[in-house]
Amino acid sequence: MHSVDLGSGGGGASRSFGERLFGALKLDASVYEEVEHDTSALGQAATVVLLAGFAQSVAAFGELGAGGALANLAGSFLGWAIGAGIVWVIGVKIMNCTSDFGELLRTLGFATAPGILGALGVLPWGEWGWVLGIAIFALSVVAAVIAVRQALDVSTGRAIVVCIIANLVPVVLILILSIVLVGAGVGVPTPADPGAMGF
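Numbering that gives the first Met the number 0 numbers the first residue of the sequence shown as 0 and each following residue consecutively.
This is how it looks when you write it as structure tokens:
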């Protein structure tokens, strides 16, 4: 529906899951457009989230341990759902864009595909490990923008604004909660990763 002008790569309908996954990794906007309209692709999107979360958990297993790895994997699904919900509120309810929660779940699920590259973290990167981290982060940001743009049918600029606001929401909520808890003498919660919203 939306013109494919960022990360476009063509491609027809009825692509296999593998083709969609590879296309999402290549930032092929037509893949995100395809899964937006394919109501049967929610399971595929969940599989991408699972693969990305598993890859990152495996790479960080030495630091997190089994419990931490499982918590990280569960957090991937929680962040995916919450992130889609926040974008839905901002894009559909506030900005009056045309989309639904399912479309955002599907596109943002595939947008987590770059996280699969986190499995490369098991390699001996040494002092260059940050390069992999930055590369995955950059790919994830672009993928999220494309996913939001295709799902909401907005310009790239507006999609960027939505993504920025969506990632600021949990930060603001945590700051407010921290102020309330400190005022009540309870203590301050550990700030969450802004990127934990699944994109």
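C-beta: ideal position from N, C-alpha, C; glycine also. Source: prediction; values computed, not measured.
Item                                                                                                           : Value
Terminal residues of the alpha helix (DSSP H) in which E33 lies                                                : 28-36
Cβ-Cβ distance between I89 and V161 below 9 Å                                                                  : yes
Inter-residue spacing [alpha-carbon to alpha-carbon] between A83 and V57                                       : 25 Å
Within 9 Å, strictly: CB atoms of V147 and V86                                                                 : yes
The region 93-102 in contact with the region 118-132 per 3-pair CB rule at 8 Å                                 : no
A80 vs L104 beta-carbon contact at 9 Å                                                                         : yes
Runs of alpha helix (DSSP H) lying entirely within the region 35-121, each at least 4 residues, in chain order : 41-58, 60-87, 100-109
Backbone CA spacing between A59 and A70 [nearest angstrom]                                                     : 12 Å
Buried or exposed by the 16-neighbour rule on C-beta atoms within 10 Å, applied to L176                        : exposed
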